[in-house]
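Numbering (my numbering), first residue to last: 1030 to 1158.
See the structure below:
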């Protein structure tokens, strides 16, 4: 009887490990797809909020899923950078054409938000201020 319990426990552990590996692979695939649908917007007016960015890109590029404006941790003020995630890849592709357009009085740059080892590899990250 003890031998049967031992075998069933090890089978459950093996199933659990396989489930965890499957979930991890699924998460990595979802993250990659999300990255393909996301663009980085640089040069935002510091007074622009998430709603402004959402409405601008929804009307110009396609259905927006999420907007995240990067803010100073201490003051909460916008750093003029945002990430816009679209529902599909076509929206992110169309949004790249909006680079150089004016939003709330400032010229924005839109670029792909591809990562490079966990760090954003973009023009803005290399710029000196």
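For glycine and all other residues, C-beta sits at the position ideal for the given N, C-alpha and C.
Taken through DSSP and simplified to helix, strand or coil, residue 1126 comes out as coil. Residue 1093 and residue 1048 have their alpha carbons spaced roughly 32 Å apart. The continuous alpha helix (DSSP H) containing residue 1080 extends over residues 1079 to 1089. Within the same chain, and ignoring the five residues on either side of residue 1117 in sequence, the residues whose Cβ sits closer than 8 Å to its Cβ are 1066, 1091 and 1092. A direct Cα-Cα distance of roughly 22 Å separates residue 1074 from residue 1120. Of the candidates 1131, 1045, 1087 and 1129, 1087 places its Cα closest to the Cα of residue 1113. Sequence-distant Cβ neighbours of residue 1068 in its own chain, meaning closer than 7 Å and more than five residues away, are 1113, 1121, 1124, 1125, 1139, 1140, 1141 and 1142. Taking residue 1070 as reference, the option from 1133, 1134 and 1128 with the minimal CA-CA separation is 1128. Proximity to residue 1099 across 1134, 1132, 1064 and 1076 peaks at 1076, based on C-alpha coordinates. The C-alpha of residue 1064 lies about 23 Å from the C-alpha of residue 1130. Under DSSP, the beta-bridge partners assigned to residue 1098 are 1111.
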